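4 protein chains.
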Amino acid sequence: MDTTIEFLGEPKIDSPLRMGQFVENDERILFNVCAAGVARDFANGTEPVSFLKAGPRRKVFFDTSKLRCAIVTCGGLCPGLNNVIRSLVLTLHHSYGVTNILGIKYGLQGFIPRYGHPFVELTPESVSEINELGGTILGSSRGPQDMEAIVDALVRSNIRILFAIGGDGTFRAVSKMTEEIRNRRENISVVGIPKTIDNDILYSSRSFGFNTAVGIAAEVIGSAHVEALGAPNGIGLVKLMGRHSGFIAASAALDKRDANFVLIPESDFDIEGPHGLLQKLGERILDRRHAVIVVAEGAGQRYCAVGGTDESGNVRLGDIGLYLKDQIQRYFESKDLEINLKYIDPSYLIRSVPATPNDSVFCGFLAQNAVHAGMAGKTNMMVGTWNDEFVYVPINLVVTGRKQVDLNDKLWRSVLEATGQPPLKPEE
Amino acid sequence: MDTTIEFLGEPKIDSPLRMGQFVENDERILFNVCAAGVARDFANGTEPVSFLKAGPRRKVFFDTSKLRCAIVTCGGLCPGLNNVIRSLVLTLHHSYGVTNILGIKYGLQGFIPRYGHPFVELTPESVSEINELGGTILGSSRGPQDMEAIVDALVRSNIRILFAIGGDGTFRAVSKMTEEIRNRRENISVVGIPKTIDNDILYSSRSFGFNTAVGIAAEVIGSAHVEALGAPNGIGLVKLMGRHSGFIAASAALDKRDANFVLIPESDFDIEGPHGLLQKLGERILDRRHAVIVVAEGAGQRYCAVGGTDESGNVRLGDIGLYLKDQIQRYFESKDLEINLKYIDPSYLIRSVPATPNDSVFCGFLAQNAVHAGMAGKTNMMVGTWNDEFVYVPINLVVTGRKQVDLNDKLWRSVLEATGQPPLKPEE
Amino acid sequence: MDTTIEFLGEPKIDSPLRMGQFVENDERILFNVCAAGVARDFANGTEPVSFLKAGPRRKVFFDTSKLRCAIVTCGGLCPGLNNVIRSLVLTLHHSYGVTNILGIKYGLQGFIPRYGHPFVELTPESVSEINELGGTILGSSRGPQDMEAIVDALVRSNIRILFAIGGDGTFRAVSKMTEEIRNRRENISVVGIPKTIDNDILYSSRSFGFNTAVGIAAEVIGSAHVEALGAPNGIGLVKLMGRHSGFIAASAALDKRDANFVLIPESDFDIEGPHGLLQKLGERILDRRHAVIVVAEGAGQRYCAVGGTDESGNVRLGDIGLYLKDQIQRYFESKDLEINLKYIDPSYLIRSVPATPNDSVFCGFLAQNAVHAGMAGKTNMMVGTWNDEFVYVPINLVVTGRKQVDLNDKLWRSVLEATGQPPLKPEE
Amino acid sequence: MDTTIEFLGEPKIDSPLRMGQFVENDERILFNVCAAGVARDFANGTEPVSFLKAGPRRKVFFDTSKLRCAIVTCGGLCPGLNNVIRSLVLTLHHSYGVTNILGIKYGLQGFIPRYGHPFVELTPESVSEINELGGTILGSSRGPQDMEAIVDALVRSNIRILFAIGGDGTFRAVSKMTEEIRNRRENISVVGIPKTIDNDILYSSRSFGFNTAVGIAAEVIGSAHVEALGAPNGIGLVKLMGRHSGFIAASAALDKRDANFVLIPESDFDIEGPHGLLQKLGERILDRRHAVIVVAEGAGQRYCAVGGTDESGNVRLGDIGLYLKDQIQRYFESKDLEINLKYIDPSYLIRSVPATPNDSVFCGFLAQNAVHAGMAGKTNMMVGTWNDEFVYVPINLVVTGRKQVDLNDKLWRSVLEATGQPPLKPEE
């Protein structure tokens, strides 16, 4: 696992940062905190995997007085986007004296002239209150754009650091963009800031907005519980985000422990049959007269897959929420048992809220460390967090996979403890 | 308009209330506050219409020491149900010394033995924290039940005051119930507390939960606005409650003034044509690149009616939200303009939250005045609020129609001012 | 009671408002909704008192295309100030086409050159998100300023309508300002918008920010209750706003009914003696082991008065909260009973929050009706709300007194019912 | 550093937990994640320090069917107490089948007969909604109690696992309690759950309630900012919790970056002199006309110390908030500059709120891991979190010191970056 960070060149300029504490380039954070594993590495003479520690460096690569930077937000909305934008601008301006900061409108579209989106100038004044607003003041869009045209725009506009806030697809674009930049021998740094409401980006134990999203999702599960209690044989069915990873569903279900079934992409389940969801749900209803089901959008795709990909190149998902709704209604009709099913799909309401203070502080750290990286000439990398430290991770490593819920670890074990949910498949 | 309140009989027992201030039975609140109208009445020798003022009376009808009361919640959820239950129990217990209070489970079903829902005992302790919870601790259900069986249950269980918290359908049931009680010459008082998240009950200028609902609905419109701003040609479409009356949609749209089109049942609109919604929406998108539409569920039924009635006897509505979503998508496809439409239907999330403090205080007043009415032997009436006063209104008057948004009055005029929305029909 | 509104002159210009519904100048709202009282008036041949109904008029006084308006916020902070500013600007701009709107900085100071506060230009863009923020973007200040200098500034800057958002002191200034304007025969309209977090302005049944303030105050009382429950013999003591009127304390206490004693300026109480607060509190602690006391800042001034007036000319209040804290601690020390007293004074936290949606909508109505009044050339008046209608009330009438809690009416009766609080004085 | 966990004896009973995933007793989490440090240890032949990983074990020590457990909450309130209580009860009951759970009232007082606090029975039903409430349903108290009497009570009541939720002082009591238990050769396990709103407990990187507290504290700083902006030369001064550690002040200041000065116990500062706070504040006011100061209660004690200790044995702090308030007012009076200073002390409002969903989930993990520890016969230990893992740490290690803000690490560096605050002392 190659965790080496790419540099534009040797940083030779004294950092304009006034505070005395800098991070050295040999400070690294262990990947694995399991004592036995690390001991094994050393016994084998292998150096254990580690990430470069994030933070301000003594020397910077760019002459800040003439520097022009740009910020772009890509993909779906996520709480905290405006906080990241704001902290990038404030850190660039107040800590490094960068006064020339552009906002790119509507994601990568903003680089492509035919869309006609003008650049926006970003100043401490113009961003001063945007943290109170959900969404992104820059707008966003999905899907790839012509890479040569993007780099043309960067060069033409004399942008020397681009902060790209996005997910998987954006990071694949960053990888290609830096390749093109490298080929052209341009001194342009591209720094990624991971944005994924699903919290599924590799090598970042936490992503911004996730804390906020879990909070709202937990409230929604609470609403489903209230609805389930409020009617005879009430069933609350909540579909949450989580295309490949059930972190939101699992975490939100732990808040009030109101959910009785949590279905996530990582854990297969039967719908029919003696161990299946319908049978177990039926038993619960007869026993307790109400139930709450939480399903991540990527769960159970073997039942409802539609095929094809969307404009970002992601596999198009079938709607497991509506599918389950239908199956549950049919099942209880077949049993001649009147139920009251309330189906809730809150995703736009979750992703559009302003960030919680906790996420806001986290966004600030991400942005500061992204600025430190860019100023030092690091490129093709992202700011992540690992073992409670901020680290720099090569983009090329990040795009090799997805972070998922470990069915053997504490999160899922806690969900099983909290819900009392049985295995929804015959045991093997 | 007969506003006379029905009594079980002359209240002869001194009220156990300790505070000195009582309301006299000749205190009445004018229906009309328009000076000219009232002057006209007097000039014509007509007595202007007025409602009996609510409040505690010097004399009560029931001997509180032996009294058994019951509380039932019917129909859909509404913020504040638990606050009303709690305040009824606390007022009955602490102010009148009534210690025998039953909760009826799952609405009128709870009276019918074959459903097997046991009565619940309600005490100050058991209700002490329920105001923190959404929904109703008693559960609710829709639909009528056999009236003789209900009155049988009241008589059998020796219930002497029933507090019925519900809407239109419940009040029609109350009307029949009191008729049956009258025929049997039983001394049972039935007091209605209006519960309608749509705020559409006649002769009550405000209903509990409406304040809370508008607040959440306004947040949802804010989310739709964030989504609309967050993508090129973004359109946020929000479907809100409002079967026959657009109060929630109109009021919520006034909070942040983010909505550009507000569609309510009271105001007909074209979808097609030069004045129609699609044309005007298209102009807005070309001009401003984003738009927010708020539609009450009962609006535009001429486009999407499905016919039939539900179990409560209400006309089944077609889904105007999904209908508009389809129409808008088709329209812009036909214009070859790529839009980003986000459709949000938050109704379960609105009705299941706990009440705001403002609604909580209001619920307390309603409950206190309902108890005062019941103790005084008033029956077949509801507690309402009119011209900033609490009043008692005969149920038979209430069920004669529905309160709707007056298209010529301040609320709708404000919406038109705030949205700048053009008439969506050719002017006549 | 003279409710006649002062006009600059006959409005002769057709209103540019597009919607068809106007309010006529003979539409008036009855002051009294008590049927018997009005009947008595008519029987006596007296016309009952009424207020002019607020709303847009067919004819306006000012030519909107050249009009310059100004907005000033005075006195202490109150939730909703920014909502009023925003709605004034949006209504002036979008409904009447007024594009020249000035914001006066830091209250009446902003008119006086020596303070050096420049005017701020207000546009729909500059105010578009200010409703998300607490406080006032214009800043505020207390205290009177030289009236001639203010009118000089109005004339010099060619301001033709001034919207003055403030309380009692501000309204007295408005009264003098319009007198000076009248003497100079200037065509300048001054429209007051009542701002009082205490809700104590005469002839306005509700003031903006009050709803928000009660909500936060209720949460604080809830916190005091949590603290009281959390320790042996826990006592939560909360000081709330309310210099002359206990509306916040009384209303907030009704939310969760957690308060056991509510002390307001309108209701005198003993501290010592067999009926006094200390004795009753001691009984409560022995009986229940916890208690919550809510005291409005203006209550019990006979115990803690300090004399003198502040810069706004208001009587300086003694700190009844700290006084009671000391008295309670001494009392229980003298009884050798260990208590845990937690004293909370949340006033800055209450007045600085953004408005609730409910208050926000209300602010919108106030602002719209203020604009309608100003455009029609009305002056020396305020926008109020009475019997659920918006009305125009002469400032000279408003400054004659203060609205207070009626100890014989429903609010205080409800507080006594909810707290079970005994009379804290020997009965007369 | 001895991280060995004390056991009552060998756990021999098969765990009743149904899910298959257990944590082995040799799974340990590295203390240090810095790669170079660990490499150095291995090079030196030293085993790097590590903590035992928390989680369910295959074998338990206690026979769950007959087991009686108890829960006690000690010291000041902290958001999440009820969540921990609830999760302990639900995990004991649902996961291990323990049906006999006692709640001890009012902290350690609850064990001492002369206080007369009866034990409370805790069941899944009785705790089902307590997570919605702030504070602790058990009540709490400060100060030590006779250790023999406590152990007498444990033995007499046949309590075999005691879950002690508290801070520093409580943990010192736990240490003595287990010593007494050891001396008596009783099989009683005592498991600590760290409760410190200041987040200052050693070897736990995060404590419950901290996330919630930072959120509310950040809102309060926002209010102070609104107040500072709302008046000419406005200064908002906020005193936050933090007796020895400035985590709340530092973290909350990072949310909106509204604070200009953050004063914490770890960083000494001058008040007078050319580098002192007053001089720098004066410069800020002249430059920007408003300022916000956040001070942790333990900061600057050299200016305001009062001496002595409180009933928990903690050093009594002087009130630095009021001291600064006075100093600031005097300073500007001496400069003849009128300021508007608003002083806010929100501590009771912060510690009494319900936990955020994020904290609630965290409380669940703590409680589950505490139960796993107790069931396995571990004692005299606490559940902590380290490097994103849950771990078990010996109490005797925990009470050796306090966690403080590292002035050279990212949190404080971020605060300096965000505030732009100069060193408030002459550089050495």
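Residue numbers (the working numbering), protein chains in the order written: chain H, 3 to 430; chain C, 3 to 430; chain E, 3 to 430; chain F, 3 to 430.
Yeah, the Cβ is synthetic: ideal placement off N, Cα and C, and Gly gets one too.
It should be emphasised that the depicted structure is a prediction, and the values quoted were computed from it without experimental measurement.
Contact belief for residue i with residue j at Cβ below 8 Å, rounded distance in angstroms
| i | j | result |
| --- | --- | --- |
| Leu204/E | Lys405/E | 5 Å |
| Trp388/C | Ser207/C | 6 Å |
| Val91/H | Ile103/H | 6 Å |
| Ala219/F | Ile250/F | 5 Å |
Contact check, residue i vs residue j, beta carbons under 8 Å
| i | j | result |
| --- | --- | --- |
| Gly57/H | Asn382/H | no |
| Pro50/H | Asn27/H | no |
| Leu110/H | Cys80/H | no |
| Phe139/C | Val86/C | The displayed chain sequence assigns Ile, not Phe, to residue 139/C. It is not a contact, given that the beta carbons lie outside the stated cut-off. |
| His227/C | Gly238/C | yes |
| Asp270/H | Lys427/H | yes |
| Gly224/E | Asn342/E | no |
| Pro13/C | Gly379/C | yes |
| Lys337/F | Asn133/H | no |
| Leu32/E | Ala37/C | yes |
| Gly300/F | Val308/F | no |
| Glu29/H | Lys61/H | no |
| Ala357/C | Thr214/C | yes |
Beta-carbon neighbours of residue i, restricted to chain F and to distances below 7 Å
| i | result |
| --- | --- |
| Tyr350/E | Ser225, Glu229, Lys344 and Ile346 |
| Thr138/E | Gly232 |
| Val222/E | Leu351 |
Beta-carbon neighbours of residue i, restricted to chain H and to distances below 8 Å
| i | result |
| --- | --- |
| Leu135/E | Glu131 and Glu134 |
Cross-chain neighbours of residue i in chain D, by beta carbon under 7 Å
| i | result |
| --- | --- |
| Ser354/F | Absent from the structure: chain D. Protein chains present are H, C, E and F. |
Per-residue contacts from residue i into chain E (C-beta, under 7 Å)
| i | result |
| --- | --- |
| Phe64/C | Under the 7 Å cutoff, chain E gives no residues; its nearest Cβ is about 18 Å from Phe64/C. |
Under 8 Å by beta carbon: chain C residues contacting residue i
| i | result |
| --- | --- |
| Asp28/E | Ala38 |
Partner residues on chain E for residue i, Cβ-Cβ distance less than 9 Å
| i | result |
| --- | --- |
| Gly82/C | Chain E residues near Gly82/C: none, gap ~12 Å exceeds 9 Å. |
- Task: Using a Cβ-Cβ cut-off of less than 7 Å, give me the residues of the region 230-259 of chain C that come near chain H, in sequence order.
- Result: Leu231, Gly232, Ala233 and Pro234
- Which residues, taken in chain order from the region 66-80 of chain H, show a beta carbon closer than 8 Å to some beta carbon of chain C? Taking 8 Å as the upper bound on Cβ-Cβ separation, chain C lies near residues Leu79 of the region 66-80 of chain H.
- Message: Closer than 8 Å between beta carbons: that is the criterion. Which residues of the region 99-112 of chain C meet it against chain H?
- Response: Tyr108 and Gln111
- Message: To test your reading of the DSSP string, which unbroken beta strand (DSSP E) runs of 3 or more residues are found completely within the region 291-323 of chain F?
- Response: 292-298
- Message: Counting only Cβ-Cβ distances shorter than 7 Å, please list the residues of the region 141-157 of chain F near chain E, keeping chain order.
- Response: Gly141, Ser142 and Ser143
- Message: At 4 residues or longer, what runs of the alpha helix (DSSP H) sit wholly inside the region 36-111 of chain F?
- Response: 37-45 and 83-92
- Task: Compile a chain-ordered list of the residues in the region 397-414 of chain H whose CB is closer than 7 Å to at least one CB of chain F.
- Result: Asn410 and Lys412
- Can you give, in chain order, each stretch of the beta strand (DSSP E) that sits fully within the region 219-278 of chain E and has at least 3 residues? 236-242 and 263-265
- Query: Taking Cβ-Cβ distances below 9 Å as the criterion, which residues of the region 88-99 of chain E are in contact with chain C?
  - Reply: Against chain C - using a Cβ distance shorter than 9 Å - the residues of the region 88-99 of chain E are Arg88, Ser89, Leu92, Thr93, His96 and Ser97.
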